[in-house]
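Accompanying notes for the structure given below.
There are 2 protein chains.
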Amino acid sequence: MKNTATRDKLIDSGAQLISQQGYNATGINAVLKTCGVPKGSFYHYFSSKEDFGLAVIERFAASYDETLVVLLEDNDTPPLERLKRYFAAGREHMHECDHATGCLIGNLGQELSGQSDTFRDALNLVFQRWEQRFVRCLQDAQARGDIATHSVPEALASFILTGWEGAILRAKTLKSVEPMEHFEKILFQQVLVPAT
Amino acid sequence: MKNTATRDKLIDSGAQLISQQGYNATGINAVLKTCGVPKGSFYHYFSSKEDFGLAVIERFAASYDETLVVLLEDNDTPPLERLKRYFAAGREHMHECDHATGCLIGNLGQELSGQSDTFRDALNLVFQRWEQRFVRCLQDAQARGDIATHSVPEALASFILTGWEGAILRAKTLKSVEPMEHFEKILFQQVLVPAT
DNA sequence: AAAGCACTAGACTGACTGGTCTACTTTAAG
DNA sequence: CTTAAAGTAGACCAGTCAGTCTAGTGCTTT
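So the sequence lines, in the order shown, correspond to chains A and Z.
Last residue of the first sequence: number 223 in the working numbering, and the count goes up by one each step with no gaps.
Last residue of the second sequence: number 223 in the working numbering, and the count goes up by one each step with no gaps.
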């Protein structure tokens with residue numbers, strides 16, 4: 028397996044289509060057509076549609092994790108500023124896709140975690156990695172005294188991730204980033220505040 | 028259209044299967060098989076699968092709204108208690124379905140709002156109705172001085188709904204109600220609090 | 001030059017999809 | 001009793017699904 032260009036093309040097209048339509052609604056033939064790759068190549072690189080789906084998740088997670096590191100682990104910026112930057116990037120992405128795709132991992136989590144344990148495990152791992160990034164950022168904030176220490180960072184991280192994913196979902200059905208703004212505003216006004 | 032028993036059976040089976048597997052993964056034949064209704068009857072009551080899906084949403088929303096009224100508009104119980112009861116009911120349901128189905132409207136919102144505007148509109152309306160129930164409950168709480176008045180109830184309601192939906196999604200991938208508990212705890216500890 | 005392997009190419013398969021069609025049974029009205 | 005409509009019944013359709021198969025191309029190694 029030397030020529031990874033074709034494999035990458037397949038994963039790229041797949042990620043795009045799955046983001047837009049979901050996993051079940053995306054046929055292999057549609058993926059093939061959008062990137063002009065014959066079926067033989069597909070089954071040369073992937074053993075099944077599930078295998079392909081997992082590869083799409085893996086690659087998205089890896090590439091997204093890079094962004095996350097840049098946004099959340101930049102020690103030159105105060106931790107709460109980093110979080111705000113993260114939310115701003117999310118809102119911008121929502122605009123760019125016309126409120127249609129949202130978060131690939133969130134979408135697949137909703138669609139597939141009741142359908143396949145393999146997918147559920149893979150998606151769960153991605154979520155947990157994200158939470159860890161939040162945890163580190165929140166620990167920084169607590170160490171600086173920017174936020175109170177009476178909530179454990181892990182619980183706060185879970186709160187932020189779930190709230191944000193829910194806001195993305197709501198933004199999709201509403202076709203507006205308003206829910207994302209509400210979430211962010213209340214979060215910074217009442218949750219991520221110094222000890223009183 | 029007098030005999031609604033068959034129609035109801037179809038919608039019931041449909042709601043169950045769609046909750047478990049999603050809309051796209053649920054075939055009409057599967058619905059037919061689980062309730063022993065022939066195809067002719069299906070297309071007698073519904074003009075298409077989409078029409079059927081909308082009927083499933085409508086009926087679920089109507090029945091769920093009844094529960095919501097009982098839980099959230101009971102004036103004999105303090106408003107924040109009503110909200111806690113609502114969350115407790117949600118957690119219980121999550122246990123009952125073994126963390127597999129979650130919220131039908133949330134699932135379909137994620138799966139279909141990028142796929143069909145008709146579905147998106149229908150689901151959005153349901154969400155908005157739910158938010159209104161929260162708004163009324165929060166207004167009661169503000170009137171009693173149980174929570175501060177510096178947040179508009181509409182924004183708070185959006186915050187609660189999105190946070191809760193996100194927690195449900197996360198609970199599904201994690202197979203644990205822990206995210207729902209984290210959300211509830213932080214919400215009542217830091218957001219739904221009296222003016223300081 | 002030859003052999004072996006990574007990869008391309010797409011026709012093909014059986015199962016299944018949403019949806020149509022015709023025939024039949026039941027119910028209600030005149 | 002007759003007739004029309006409501007509803008049941010399932011064979012059938014064209015299209016699509018994931019996946020298989022065989023044939024061939026082009027690069028690398030010996």
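Ideal Cβ placement from N, Cα and C applies to all residues, glycine included.
Output the distance between the C-alpha atoms of residue i and residue j, rounded to the nearest integer angstrom.
i: Trp-157(A); j: Ile-132(A); result: 11 Å
i: Leu-98(A); j: Tyr-113(A); result: 6 Å
i: Met-28(Z); j: Gly-80(Z); result: The pLDDT assigned to Met-28(Z) is 45, lower than 50, so where the model puts this residue is not dependable, and the model offers no usable value.
i: Arg-118(A); j: Val-64(Z); result: 46 Å
i: Lys-212(Z); j: Lys-111(Z); result: 10 Å
i: Gln-47(Z); j: Ile-84(Z); result: 14 Å
i: Thr-200(Z); j: Asp-148(Z); result: 27 Å
i: Arg-109(Z); j: Arg-171(Z); result: 14 Å
i: Ile-187(A); j: Lys-60(Z); result: 42 Å
i: Phe-210(A); j: Gln-169(Z); result: 19 Å
i: Ala-115(Z); j: Met-207(Z); result: 10 Å
i: Asn-102(A); j: Asp-35(A); result: 33 Å
i: His-71(Z); j: Val-220(Z); result: 53 Å
i: Ser-75(Z); j: Ile-55(Z); result: 10 Å
i: Leu-214(Z); j: Thr-104(Z); result: 19 Å
i: Ser-185(Z); j: Asp-167(Z); result: 16 Å
i: Thr-31(Z); j: Asp-39(Z); result: 12 Å
i: Thr-33(A); j: Phe-146(A); result: 24 Å
i: Gly-41(Z); j: Gly-41(A); result: 29 Å
Measuring alpha carbon to alpha carbon, tell me which of the options ends up nearest residue i.
i: Cys-130(A); options: Val-162(A), Gln-217(A) and Gly-193(A); result: Gly-193(A)
i: Leu-150(Z); options: Gln-137(Z), Gln-159(Z), Met-121(Z) and Lys-212(Z); result: Gln-137(Z)
i: Pro-106(A); options: Leu-165(A), Ser-140(A), Glu-205(A) and Leu-188(A); result: Leu-165(A)
i: Gln-216(Z); options: Ile-174(Z), Val-204(Z) and Pro-180(Z); result: Ile-174(Z)
i: Phe-87(A); options: Tyr-70(A), Leu-37(A), Val-204(A) and Ile-55(A); result: Leu-37(A)
i: Glu-93(Z); options: His-120(Z), Arg-160(Z) and Arg-197(Z); result: Arg-160(Z)
i: Gln-43(Z); options: Ala-32(Z), Met-207(Z) and Cys-62(Z); result: Cys-62(Z)
i: Glu-181(Z); options: Gln-155(Z), Cys-124(Z) and Glu-205(Z); result: Gln-155(Z)
i: Asp-144(A); options: Asp-39(A), Val-218(A), Pro-221(A) and Glu-77(A); result: Glu-77(A)
i: Val-218(Z); options: Thr-104(A), Cys-124(A) and Leu-183(A); result: Leu-183(A)
i: Cys-124(A); options: Thr-33(A), Pro-221(A), Gly-41(A) and Ile-195(A); result: Ile-195(A)
i: Glu-100(Z); options: Ala-89(Z), Val-162(Z), Ile-45(Z) and Asp-39(Z); result: Val-162(Z)
i: Val-204(A); options: Asp-167(A), His-122(A), Lys-66(A) and Ser-40(A); result: His-122(A)
i: Gln-142(Z); options: Ile-45(A), Thr-31(A), Thr-33(A) and Ser-40(A); result: Ile-45(A)
With a threshold of 16 other CB atoms inside 10 Å of the CB of residue i, please say whether the residue is buried or exposed.
i: Val-96(A); result: exposed
i: Thr-53(A); result: buried
i: Ala-57(Z); result: exposed
i: His-177(Z); result: exposed
i: Thr-128(Z); result: buried
i: Thr-223(Z); result: exposed
i: Gly-190(Z); result: buried
i: Val-179(Z); result: exposed
i: Asn-134(A); result: buried
i: Ala-198(Z); result: buried
i: Ser-90(Z); result: exposed
i: Gly-67(Z); result: exposed
So is the beta-carbon of residue i under 7 Å away from any non-hydrogen atom of the ligand COA?
i: Ser-178(A); result: Among the components modelled here there is no ligand, and therefore nothing to report on the ligand COA.
Please classify residue i: does DSSP put it in a helix, a strand, or coil?
i: Thr-53(A); result: coil
i: Thr-104(Z); result: coil
i: Pro-65(A); result: coil
i: Lys-111(A); result: helix
i: His-126(A); result: coil
i: Phe-186(A); result: helix
i: Met-28(Z); result: Because Met-28(Z) sits at a pLDDT of 45, beneath the cut-off of 50, its placement in the model cannot be relied upon, and the point is left open.
i: Thr-200(A); result: helix
i: Arg-147(Z); result: helix
i: Asp-173(Z); result: coil
i: Ser-90(Z); result: helix
i: Phe-161(Z); result: helix
i: Pro-206(Z); result: helix
i: Pro-221(Z); result: coil
i: Phe-154(Z); result: helix
i: Ser-40(Z); result: helix
i: Lys-142(A); result: In the sequence as presented, Lys is not what sits at residue 142(A); that position holds Gln. It is coil, neither helix nor strand.
i: Ser-46(Z); result: helix
i: Phe-79(Z); result: helix
i: Phe-215(Z); result: helix
i: Val-179(A); result: coil
Would you please state the rounded distance, in angstroms, between the beta carbons of residue i and residue j? I believe it to be under 8 Å.
i: Ala-82(Z); j: Phe-73(Z); result: 7 Å
i: Tyr-50(A); j: Leu-139(A); result: 6 Å
i: His-120(Z); j: Lys-202(Z); result: About 15 Å; that fails the 8 Å criterion.
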